[in-house]
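Please read the structure below before turning to the comments.
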Amino acid sequence: MGYAAGVGKTYQMLEEARELKAHGVDVAIGYFESHGRPDTIAKTEGMELIPRKRIEYRGSAFEEMDTEAILARNPQVCAVDEFPHTNVPGSDRTKRWEDVERMLDAGIDVLTTMNVQHLESLNDQVWYITGVRVRETIPDWVVHQADEVVMIDLTPQALLHRLERGVVYGREKAERAMRNFFRESTLVALRELALRETAHEVEHRTIAETAPAARHAGVAAAIFERQKILVLITADPTTAMAIRRTKRIGDFLGAECFAVAVQRAGDAGAMPEAEREAIERHLNFARNLRIETRVLEGDQTAPVLIDFARRNRITQIFVARPRQRRWRLPLLARDTVQSIVNLAKDMQVVIVSDREPAGRA
Amino acid sequence: MTPETRRKTPDDFLREAQAEERAARGGRLKIFLGYASGAGKSFRMLDEVRRRRERGQDIVVAAVQPRVPPEVQALLRNLEVVPLKSAGDHPAIDVDALIRRRPAACVVDALAYDNPPGSRNATRWQDVRDVLEAGINVIGSINIQYVAELSEQVEAITGKHVTQTVPVEFIKSADEIELVDAPAGQPMVEGSAEEQLDAARSEQRLSKLRELALVLAADVVDHQLNEYLERHGIGHSIGAQERIMVCITPRANAGAMIETARVIAERFHGELIAAYVNQPEISPAGRAALEERLAIARAAGARVEILDGDDPVDAILEFAEGHGITQLFIGHSQRSGLWQRIWGNPVDKLIRGTPGMDVRVFPQ
């Protein structure tokens with residue numbers, strides 16, 4: 027786990043692969059990206075590299091990891107760079123992490139690399155910090171499954187120094203990068219995120235290994251053993267943020283999460299096409315993050331939602347804060363949030379803020 | 144826009160402040176932080192020294208651990224060493240010799256040592272401070288076990304009491320801190336059931352120390368960033384750390400709210416703040432109830448902030464925005480009664496709130 031290109035993730039991964047090989051473990055490199063860095067390339071010398079697969083897409087040739095060749099070769103351990111990578115259309119699987127899952131299923135141990143900004147539940151926070159919407163994301167549960175998460179740390183000063191010397195990218199590309207993602211305050215913030223995320227991953231594993239009864243002492247146990255979180259799904263684009271935030275807080279509290287949409291009875295057909303699609307997309311997104319989803323019927327959202335929450339012993343309801351428009355407040359959406367707050371007198375209601383990088387030039 | 148009128152970015156301030164500090168102290172301090180011996184701190188540190196020397200820096204070794212693994216020995220062979228001054232088993236770095244030699248930088252492996260009686264300073268980290276003041280850069284290393292403020296937590300994990308420590312303030316004063324992380328242990332396949340249990344327990348202990356080290360590094364990074372931003376009057380709105388603020392009123396029953404906030408802050412390794420907006424007419428009973436609630440908040444580890452303002456909601460929002468609050472906790476009762484009659488519905492106002500901050504409304 028790192029926080030930017032150039033902190034040394036690939037180098038460290040190859041170092042570990044070499045060490046394993048020196049100890050007689052059967053290791054192969056499934057995919058690696060040198061970025062033209064001589065130090066990194068040197069680390070692959072004498073290591074078995076499984077050739078990439080060429081894929082034609084729209085008249086151009088792309089190179090991807092050859093998962094089938096790796097499965098056929100069946101090494102004990104395989105090193106795979108750039109975990110969040112999206113495969114070119116026409117590949118067997120959409121995401122590299124799905125290729126890795128396939129390898130794990132076949133009994134191959136995998137070493138892989140990623141930056142913290144690719145974690146799905148942090149997508150909005152990263153947008154807020156960097157002003158960049160990261161498109162290639164990994165669902166949190168995939169990272170949670172890892173046996174180990176190790177932080178590859180480097181101070182931003184040292185990283186910027188590496189960039190200036192042209193170690194990370196070529197000199198020209200470095201100058202461009204330094205104007206955007208690699209501003210010092212941005213790097214400091216991303217590094218803090220990565221450190222806290224790794225601490226959380228370590229804690230998660232420590233807790234999982236301890237007897238459940240010893241998990242939390244005293245009152246905390248009473249309050250947190252039974253936490254159940256529900257997130258309201260609507261067609262509003264802010265819903266995606268609410269889902270990520272629900273997942274993140276739910277994970278940290280060890281809570282069960284549900285995603286619920288409310289539609290007017292027998293009226294699904296009358297709903298505008300775009301709205302129906304948006305709701306379906308949000309429900310799918312929640313499912314991909316391993317949140318259980320339900321679609322309820324009723325005329326008014328708030329009472330239907332609260333009734334479901336009571337019956338299912340929900341303790342916290344998450345709703346997106348309606349997006350603001352200066353010239354027109356979305357009254358209906360605001361009324362729904364208001365009604366939920368007013369009706370849910372026996373549970374906590376969290377109004378999830380958007381995290382747009384507004385005004386952070 | 145001319146260069147003179149360009150508004151300074153946070154990065155400009157950051158760099159300026161760093162320059163100021165460096166100028167004041169002379170030497171720069173870089174610390175490698177680890178969680179156990181054998182995690183590779185010494186190697187990482189000396190490898191950096193090797194690279195700096197290759198770039199032509201004048202750098203010497205002022206102290207290394209008494210026993211080093213072969214790969215570290217190999218690195219040491221090519222480096223200049225200023226020998227330790229020994230008094231029995233108690234070696235100390237030779238500050239005078241270092242200052243006479245005046246290299247650009249020196250390496251001090253393991254900062255947490257007490258010096259022998261009669262030395263210039265009682266501890267090694269104070270020696271390092273002197274070396275820095277003489278304008279020599281220092282690269283040092285420390286394990287999480289030897290941070291003074293964490294010694295109780297460490298003892299609870301390891302069962303061992305550590306006497307030679309370094310204050311956390313010294314670590315926070317470093318210009319750079321770098322974490323040396325590694326998995327806590329190799330899974331043990333063979334051995335008796337008892338040995339396997341022992342191995343699992345020791346791995347568990349190491350994982351807890353590892354977590355402490357990661358969180359301390361994150362806190363130091365956060366501290367550095369915010370110190371610079373704050374000193375130059377820039378509100379922090381970075382959002383890398385969860386900052387939870389509980390709004391306390393004399394009326395609201397704050398117990399469950401504070402306890403929930405405490406647990407969430409703990410899980411996220413975040414900051415906990417309890418805020419109260421001064422109200423002009425408060426009854427003696429109200430005052431007593433308020434003090435009791437603030438005492439609960441303090442006991443939960445919250446920093447208490449007393450705010451002033453004509454409109455309590457505005458006061459809360461202004462503070463929250465200026466301090467990078469990511470989660471605001473309020474009680475239900477705040478949306479009825481006096482507040483509502485005077486200021487309208489505060490929840491409604493808070494819902495429109497501020498970007499980057501969730502609002503959590505509690506049942507009463």
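Top to bottom, those sequences are chains A and B.
If you're matching positions, the first sequence starts at 27 in our numbering and goes up one per residue.
If you're matching positions, the second sequence starts at 144 in our numbering and goes up one per residue.
Each residue gets a CB set at the ideal place from its N, CA and C atoms; glycine is no exception.
Spatial distance of residue i from residue j (CA atoms)
i, j, result
"residue 312 of chain B", "residue 421 of chain B", "33 Å"
"residue 245 of chain B", "residue 255 of chain B", "23 Å"
"residue 363 of chain B", "residue 301 of chain B", "23 Å"
"residue 351 of chain B", "residue 228 of chain A", "8 Å"
"residue 256 of chain A", "residue 344 of chain A", "6 Å"
"residue 439 of chain B", "residue 417 of chain B", "10 Å"
"residue 295 of chain B", "residue 461 of chain B", "37 Å"
"residue 355 of chain A", "residue 364 of chain A", "Note on residue 355 of chain A: pLDDT 48, under 50, position unreliable in the model; no value is reported."
"residue 464 of chain B", "residue 312 of chain A", "30 Å"
"residue 131 of chain A", "residue 337 of chain A", "38 Å"
"residue 140 of chain A", "residue 366 of chain B", "26 Å"
"residue 116 of chain A", "residue 87 of chain A", "12 Å"
"residue 441 of chain B", "residue 447 of chain B", "7 Å"
"residue 31 of chain A", "residue 467 of chain B", "27 Å"
"residue 188 of chain A", "residue 34 of chain A", "11 Å"
"residue 200 of chain B", "residue 241 of chain B", "16 Å"
"residue 319 of chain B", "residue 369 of chain A", "51 Å"
"residue 174 of chain B", "residue 293 of chain B", "17 Å"
"residue 419 of chain B", "residue 158 of chain A", "36 Å"
"residue 450 of chain B", "residue 267 of chain A", "31 Å"
"residue 194 of chain B", "residue 154 of chain A", "36 Å"
"residue 358 of chain B", "residue 384 of chain B", "11 Å"
"residue 170 of chain A", "residue 315 of chain A", "12 Å"
"residue 252 of chain B", "residue 269 of chain B", "14 Å"
"residue 387 of chain B", "residue 225 of chain A", "19 Å"
"residue 349 of chain B", "residue 215 of chain A", "27 Å"
Closer than 9 Å at the beta carbon, the chain B residues around residue i
i, result
"residue 331 of chain A", "Here the premise fails: no neighbours, minimum Cβ distance about 15 Å."
"residue 271 of chain A", "501"
Status (buried if at least 16 other CB within 10 Å, exposed otherwise) for residue i
i, result
"residue 178 of chain B", "buried"
"residue 120 of chain A", "exposed"
"residue 113 of chain A", "buried"
"residue 373 of chain A", "buried"
"residue 425 of chain B", "exposed"
"residue 306 of chain B", "exposed"
"residue 211 of chain A", "buried"
"residue 401 of chain B", "buried"
"residue 213 of chain A", "buried"
"residue 371 of chain A", "exposed"
"residue 286 of chain B", "buried"
"residue 335 of chain B", "exposed"
"residue 217 of chain B", "exposed"
"residue 179 of chain A", "buried"
"residue 185 of chain A", "buried"
Neighbouring residues, chain A, relative to residue i (Cβ below 7 Å)
i, result
"residue 195 of chain B", "Here the premise fails: no neighbours, minimum Cβ distance about 11 Å."
"residue 325 of chain B", "176"
Beta-carbon neighbours of residue i, restricted to chain B and to distances below 7 Å
i, result
"residue 225 of chain A", "354, 357, 358, 361, 412"
"residue 146 of chain A", "Residues of chain B passing the Cβ test: none, with the nearest at roughly 17 Å."
Residues that residue i contacts on chain A, provided the C-beta gap is smaller than 9 Å
i, result
"residue 319 of chain B", "181, 182, 183, 184"
"residue 368 of chain B", "211, 214, 215, 218"
Partner residues on chain B for residue i, Cβ-Cβ distance less than 8 Å
i, result
"residue 222 of chain A", "357, 358, 361, 383, 384, 411, 412"
"residue 372 of chain A", "506"
"residue 278 of chain A", "407, 410, 411"
"residue 232 of chain A", "347, 350, 351, 354"
"residue 379 of chain A", "496, 497, 498, 499, 500, 501, 502"
Min CB distance residue i to chain C below 8 Å
i, result
"residue 274 of chain B", "Although the question refers to chain C, the structure presented lacks it and instead comprises the protein chains A and B."
Only counting runs of 4 or more residues, tell me where the alpha helix (DSSP H) segments fall wholly within the stretch 253-300 of chain B, in order along the chain.
267-276
Just checking, does the stretch 367-382 of chain A make contact with the stretch 274-283 of chain B on the three C-beta pairs under 8 Å criterion?
no
Could you tell me whether the stretch 283-293 of chain A touches the stretch 163-173 of chain A, where touching means 3 or more Cβ pairs closer than 8 Å?
no
Check whether the stretch 148-157 of chain A and the stretch 266-281 of chain A are in contact - that is, three or more C-beta pairs closer than 8 Å.
yes
Identify every run of the alpha helix (DSSP H) within the stretch 166-230 of chain B, keeping only runs that are complete inside it and at least 4 residues long; order them along the chain.
The stretch 166-230 of chain B contains these whole alpha helix (DSSP H) runs: 184-197, 213-219.
For the stretch 318-352 of chain A, list the alpha helix (DSSP H) runs that are entirely contained and at least 4 residues long, ordered along the chain.
327-337
To test your reading of the DSSP string, which unbroken alpha helix (DSSP H) runs of 4 or more residues are found completely within the stretch 71-102 of chain A?
93-99
Are there three or more Cβ pairs, one per stretch, closer than 8 Å when the stretch 222-241 of chain B is compared with the stretch 254-270 of chain B?
yes
Ignoring anything shorter than 4 residues or poking outside the stretch 380-460 of chain B, list the alpha helix (DSSP H) runs there in chain order.
398-410, 427-442
Meets three-Cβ-pair contact criterion under 8 Å: the stretch 91-98 of chain A and the stretch 27-44 of chain A
no
Runs of beta strand (DSSP E) wholly within the stretch 34-64 of chain A (minimum 3 residues, chain order)
53-57
Ranges of the beta strand (DSSP E) found wholly within the stretch 118-153 of chain A, counting only runs of at least 3
135-138
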